[in-house]
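Heads up: the sequence lines are chains F and X, in that order.
Just so you know, we're using this note's numbering here: the first sequence kicks off at 4 and counts up by one.
Just so you know, we're using this note's numbering here: the second sequence kicks off at 318 and counts up by one.
Worksheet: one structure, shown below.
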Amino acid sequence: MIRRDPSVFSQKFVRIRALVIKESLQIIRDPSSLAIAILLPVILLLIFGYGVSLDARHVPIAVVQDIRTPASEEFVAGVRHSPWFVPTSYPDIHSAIDALKRQDVDGILWLREDFGRSINSFRSHGVHVIVNGVDDNTARLLEGYLTNTWANWLELRNLRGRQVSFVPITLEAHIWFNPESRSRDFLVPGLIAVIMTLIGALLTSMIIAREWERGTLESLFSTPVTIGEILVSKFVPYFILGMMGMGISVIMGHYLFDVPVRGTLGVLLLTSALFLTTALGMGLVISTVSKNQFVAGQIAIIFTFLPAFILSGFIFDIHSMPLFIRVITHIIPASYFVTILQSVFLAGDIPGVILPNSAALLLFSVFLFILLMRISRKRIL
Amino acid sequence: MNAVLVRIFRLAQKEFLALLRDKKSRMVLIVPPLVQLVVFSYAATFDLNHISYAVWNEDPGEYSRQLLSRFSGSPNFHLVGEIRSEQEVKSLIDNRKVLLVLHLRSTFSRDLARGVPGSLEAILDGRQSNTAMILLGYVQTIVQGYNTLFISLHGLTPLAAPISIRAWYNPNLESRWFIVPGIVGLLTLVVSLLVTALSVAREREDGTFDQLLVTPLRPGEIIIGKIIPGFVIGFLESTVIVIVAIFLFHIPLRGSIPALYLGIFLFTLSALGVGLMISSIASTQQQGLLGAFLFLVPSIILSGFATPIANMPSYIQYLTLINPLRYFLVILREVFLQGAGVSILLPEYAALAVIGLLSLLLAGHFFRKRMG
Chain F
4 MIRRDPSVFS
14 QKFVRIRALV
24 IKESLQIIRD
34 PSSLAIAILL
44 PVILLLIFGY
54 GVSLDARHVP
64 IAVVQDIRTP
74 ASEEFVAGVR
84 HSPWFVPTSY
94 PDIHSAIDAL
104 KRQDVDGILW
114 LREDFGRSIN
124 SFRSHGVHVI
134 VNGVDDNTAR
144 LLEGYLTNTW
154 ANWLELRNLR
164 GRQVSFVPIT
174 LEAHIWFNPE
184 SRSRDFLVPG
194 LIAVIMTLIG
204 ALLTSMIIAR
214 EWERGTLESL
224 FSTPVTIGEI
234 LVSKFVPYFI
244 LGMMGMGISV
254 IMGHYLFDVP
264 VRGTLGVLLL
274 TSALFLTTAL
284 GMGLVISTVS
294 KNQFVAGQIA
304 IIFTFLPAFI
314 LSGFIFDIHS
324 MPLFIRVITH
334 IIPASYFVTI
344 LQSVFLAGDI
354 PGVILPNSAA
364 LLLFSVFLFI
374 LLMRISRKRI
384 L
Chain X
318 MNAVLVRIFR
328 LAQKEFLALL
338 RDKKSRMVLI
348 VPPLVQLVVF
358 SYAATFDLNH
368 ISYAVWNEDP
378 GEYSRQLLSR
388 FSGSPNFHLV
398 GEIRSEQEVK
408 SLIDNRKVLL
418 VLHLRSTFSR
428 DLARGVPGSL
438 EAILDGRQSN
448 TAMILLGYVQ
458 TIVQGYNTLF
468 ISLHGLTPLA
478 APISIRAWYN
488 PNLESRWFIV
498 PGIVGLLTLV
508 VSLLVTALSV
518 AREREDGTFD
528 QLLVTPLRPG
538 EIIIGKIIPG
548 FVIGFLESTV
558 IVIVAIFLFH
568 IPLRGSIPAL
578 YLGIFLFTLS
588 ALGVGLMISS
598 IASTQQQGLL
608 GAFLFLVPSI
618 ILSGFATPIA
628 NMPSYIQYLT
638 LINPLRYFLV
648 ILREVFLQGA
658 GVSILLPEYA
668 ALAVIGLLSL
678 LLAGHFFRKR
688 MG
């Protein structure tokens, strides 16, 4: 073993400190980095948090009654009082269909002449629903709401003793972690992961490419500074900025959007730090590989947002994807972070979820930084 | 006039070279959008097909077995295991091993035989509430099917008629039909931004923009020269994407091709306009990239791509009116699924044209401002 002079380490420290200061000065001089870390999460969370919802409420529907009986009026009144629909009456089915085609309404509730018989007979078709199926999710919700309204109304009738019909099996559903099924509660944690992906990539994807373009990286190589030190100095200030962005996002998610935080803050911080390291590492790799800002920017646009948006499980459930797509989602770091955040926010610190996913993130960041060292070294030679 | 055309042509030629000369840039513009089209189209679905569930059956009777066989027989459900205690329910759901636990109490079959309704308890993981809601719908359908069978087998008073439901334009309610036309819009937007958002900023950083300004080219001509490559690339890629959507994903194209292409033309115009505007405001490429994201992300989220605009609060709905992607998605979905022609889409075309022209005018304005 070679014994090292302790001053080697203190020199190393001095060099890194100097580089960190230089990098921080650059951040302060071009306000776009600060804007990325602080403004971006605020704006995006505001837009996302208020704008993104899968809960269809106040769906405009057309109501056509071919026959008016006390029973049908009672059923329609039930529909009118439901928070899900905004019903409008149409005189006949043709005008309602025209409205559906013009997209004035998303569906049609059509009570036909044998409505009265429908209450007692399984085989008659007195209640028709036509939905606009283009948006399958809204269409399915609308179907569900209308079916439930119908079932509830029938049950109410039964309770009042006018009719007795036996329902063999009743379904008792318990939705854990989010009993009201507020889609915002599951979307906001996912959003934070998407936003952090963007911040990480935006902050670092340009910085090494910029130095290559300007030739300042070459001048750095002629000093005693090592590649590792340069990478550390590129990492530290942006890491601090990114954690600030994360903090802002969590505070907004919890206090503005009322998303519960059931896990502990320590776990949240630790896993965020891990993910941010991965995200910044990706940006640095993009930056080093492309060597020019234009290409780095293009790569950042195409490889960060859309994959994190669609393949992370933030909005589309990974379990439902075909096998080869599920394999691909394993190379998207955001997919691990979305899983972690959804658990930490809604369920709590569950080791069975947090540990394997954190391990994956750790593996990613180690891999990215080894890769970074390798390609940087090759670039110099 | 001729000289103007020659100047614009030369500039467009130079822009093409600037974009395509770099091998990496060439790759980025062509390969990822096409790969993403295929991957995203398979990935983006609200249909559930691999539902892992566990069964906690305390009932020794035959009815519970009959009911459960309806779940295990469904191709969408995948039985992970049978459990015996409440703790196991918690551990399976907490650790995301299953999305659903079906619980039948010991009295289930006895109740049914006595004519008392049996109760099926379904415990769902609500961390992804949308998945949970869709899954609940699936469970309800299976239970209803069993109920109908049970009643007809036992000669009981029949239930009331179910609502008969038909879905127009997308009879099987396939997510893919909704999502893939949306992805056409997303990728066209991304490609347009890739071409323009950094282009002026790069010339500013390199100092070549000043050189461009001292040539006889007027700002209008610079703009036209800069967006021509975007048009060519955007058009070619959209065409490929549309072909893939039709032939690989079997999305029906029911409307007219001219209506589709008029939409693509006007949308590309407005997307390139916004990209160029961002680029002309930014003084560094880093700022250009930030601008591109600040435009790209909200315009995708607020476009109705995955979450309907109708679900947004009204002031956010007003905000979507300035979003070109919103109009393009309407055009795409109406042309693909609802068989729309040009005349019905006139309001959308007009909105896109206005956004396109305004953003190009603003881009020209910022060029000039920087000159002075």
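The beta-carbon is built from N, C-alpha and C at its ideal position, and this holds for glycine as well.
Check, Outcome
"Inter-stretch contact at 8 Å, needing at least 3 Cβ pairs: the stretch 349-366 of chain X / the stretch 313-321 of chain F", "yes"
"Runs of alpha helix (DSSP H) lying entirely within the stretch 439-483 of chain X, each at least 4 residues, in chain order", "446-470"
"C-alpha gap between residue 335 of chain X and residue 516 of chain X, whole angstroms", "9 Å"
"Given residue 280 of chain F as reference, the closest of F:245, F:296, F:293, F:131 once Cα atoms are compared", "F:245"
"Cβ-Cβ distance between residue 67 of chain F and residue 90 of chain F below 8 Å", "no"
"Selection from F:31, F:45, F:218, F:156 that minimises the alpha carbon distance to residue 199 of chain F", "F:45"
"Cβ distance (whole Å) where residue 440 of chain X is taken to contact residue 397 of chain X below 8 Å", "At roughly 14 Å, the Cβ-Cβ gap does not stay under 8 Å, so residue 440 of chain X and residue 397 of chain X are not in contact."
"Residue 689 of chain X to residue 532 of chain X span [Cα, whole Å]", "Residue placement at residue 689 of chain X is poorly supported in this model, since its pLDDT is 44, which falls under 50; the coordinates still yield a value, given next. If you take the alpha carbons of residue 689 of chain X and residue 532 of chain X, they lie about 15 Å apart."
"Reference residue 262 of chain F; option with closest CA among F:176, F:40, F:189, F:73", "F:189"
"Residue 620 of chain X to residue 581 of chain X span [Cα, whole Å]", "16 Å"
"8 Å Cβ cutoff met for residue 411 of chain F and residue 185 of chain F", "Because chain F spans 4 through 384 in this model, residue 411 of chain F falls outside it and cannot be assessed."
"Proximity test, Cβ basis, 8 Å: residue 53 of chain F and chain X", "yes"
"Exposure of residue 632 of chain X, with buried meaning 16 or more beta-carbon neighbours within 10 Å", "exposed"
"Beta-carbon proximity of residue 679 of chain X to residue 613 of chain X, cut-off 8 Å", "no"
"Contact list for residue 185 of chain F against chain X, beta-carbon separation under 7 Å", "446"
"Ordered list of alpha helix (DSSP H) runs contained in the stretch 574-652 of chain X, each at least 4 residues", "574-598, 602-618, 631-636"
"Reduced DSSP category for residue 248 of chain F - H, G, I as helix; E, B as strand; rest coil", "helix"
"Closer than 7 Å: residue 134 of chain F CB and nearest the ligand MG heavy atom", "With respect to the ligand MG, the structure offers nothing, as it holds no ligand at all."
"Neighbour list for residue 435 of chain X in chain F, Cβ cutoff strictly below 8 Å", "171, 172, 173"
"Members of the stretch 348-379 of chain F near chain X, C-beta cut-off 9 Å", "348, 349, 350, 351, 353, 354, 355, 356"
"C-beta neighbour in chain X for residue 207 of chain F, strict 8 Å", "no"
"Within 8 Å, strictly: CB atoms of residue 558 of chain X and residue 501 of chain X", "yes"
"Amino acids of chain X, ordered along the chain, whose beta-carbon sits closer than 7 Å to that of residue 147 of chain F", "454"
"Local conformation of residue 655 of chain X per DSSP, three classes", "coil"
"Neighbourhood of residue 428 of chain X by C-beta distance below 6 Å, restricted to the same chain and skipping five residues each side", "435"
"Own chain partners of residue 546 of chain X with C-beta closer than 7 Å, once the 5 adjacent residues on each side are dropped", "329, 332, 333, 336, 512"
"Cut-off 7 Å between Cβ atoms - residues of its own chain near residue 257 of chain F, not counting five sequence neighbours on either side", "264"
"Sequence-distant residues of its chain with Cβ nearer than 6 Å to residue 425 of chain X (five each side left out)", "376, 381, 435"
"Any chain F beta carbon closer than 8 Å to residue 345 of chain X", "yes"
"Members of the stretch 322-346 of chain X near chain F, C-beta cut-off 7 Å", "339, 341, 342, 345"
"Complete alpha helix (DSSP H) runs within the stretch 473-536 of chain X (minimum length 4 residues, chain order)", "492-513, 516-523, 525-531"
"Contact the stretch 365-382 of chain F vs the stretch 275-295 of chain F: 3+ CB pairs below 8 Å", "yes"
"When F:211, F:113, F:332, F:85 are compared against residue 98 of chain F, the one with the closest alpha-carbon", "F:113"
"Beta-carbon proximity check, residue 356 of chain F vs residue 412 of chain X, cutoff 8 Å", "yes"
"Contact with chain F by residue 689 of chain X, beta-carbon distance below 8 Å", "Legend: pLDDT at residue 689 of chain X = 44, less than 50; position of this residue unreliable, no value from coordinates given."
"Beta carbon proximity, residue 487 of chain X to chain F, threshold 8 Å", "yes"
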